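*Asks:* Under our numbering, the first residue of the sequence shown is numbered 356, with each subsequent residue one higher. Quick reminder that beta carbons are idealized off the backbone N, C-alpha and C, glycines included. Predicted, not measured: the structure shown is a model, and the values here were computed from it. Would you mind keeping the following structure in view while I ask a few things?
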Amino acid sequence: MAIIKKTSKIRSIYWHLKEIKCVVGQIVKSYDLIGLADSTGFSTGHHLHYGIYPTDEPKDKGYDGAVDPLPYIIETPHFTFNNNLWIGKSGEDVKNLQIALANEGFLGQVGFSFTGYFGVMTFEAVKMFQRKYGIWNTGFVGKLTRAKLNELYDN
């Protein structure tokens, strides 16, 4: 296991390392090798567990206090949603929608990537977003959905 202090308020932890490639006190940067993943401990195959621990968070959240790392990994985007979007549309507006939906926690639920194409998986993620915010869940990104997205991402 390797623990990295990211800031005075955040530390990250990496489990199931067969070999740690950094030392105590070392300053690590993006893309530095921290360790080699394996199948150590109680596991059934090679993988890595990654956790974020805000030091000011209570310990009763997540795995021994770990919280969802996505908000710490992806910087909150700043988009303006001015166009209606629906299945079959493609382009930068759709890609921004997909990033916003992932930032809201729907990426793992539908498994889409940021393709810029509004397909079935994006449609399902939009419906989940709409349900979360009490918007009539049509899967169509119209006036009400755009207004909520703009409230969240146009800062």
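#1: Please go through the same chain and pick out, in chain order, the residues whose beta-carbon is closer than 8 angstroms to the beta-carbon of Val383, but skip the five residues on each side of it.
#2: Per DSSP, which one or two residues make a beta bridge with Val379?
#3: Between Ser437 and Val496, how many whole angstroms is the CB-CB distance? I'm expecting something under 8 angstroms.
#4: What would DSSP say about Leu507, mapped onto helix, strand or coil?
#5: So what's Lys364 in DSSP terms, helix, strand or just coil?
#6: Excluding five sequence neighbours on each side, which residues of the same chain lie with their C-beta closer than 8 angstroms to the C-beta of Phe473?
#7: Between Leu403 and Tyr369, what straight-line distance do the alpha-carbon atoms span, to the nearest angstrom?
#8: Tell me the rounded alpha-carbon separation between Lys364 and Phe397.
#9: Looking at C-alpha atoms only, which residue of Glu374, Tyr386, Asp393 and Lys482 is the closest neighbour of Glu459?
#10: For a test of the three-state rule: what should DSSP assign to Leu452, helix, strand or coil?
#11: Taking the straight line between their C-alpha atoms, what separation do you get for Thr454 and Lys503?
#12: Beta carbon of Asp509, beta carbon of Phe434: below 8 angstroms?
#13: Would you grab the beta carbon distance between Gly400 and Ser367 for me? Rounded to a whole angstrom, and I think it's under 8 angstroms.
*Replies:* Here's the rundown:
#1: Ile359, Cys377 and Ile389
#2: Secondary-structure assignment with DSSP links Val379 through no beta bridge to anything.
#3: According to the sequence provided, residue 437 is Asn. The question's Ser does not apply to it. No, Asn437 and Val496 are not in contact; Cβ-Cβ is about 11 angstroms, not under 8 angstroms.
#4: helix
#5: coil
#6: Leu440, Trp441, Ile442, Gly443, Lys444, Ser445, Val449 and Leu452
#7: So the alpha carbons of these two residues sit roughly 7 angstroms apart.
#8: 29 angstroms
#9: Checked all of Glu374, Tyr386, Asp393 and Lys482; the closest Cα to Glu459 is Lys482.
#10: helix
#11: The sequence shown places Ile at residue 454, rather than the Thr named in the question. One C-alpha to the other measures close to 15 angstroms.
#12: yes
#13: Contact flag wrong, Cβ pair sits at about 22 angstroms.
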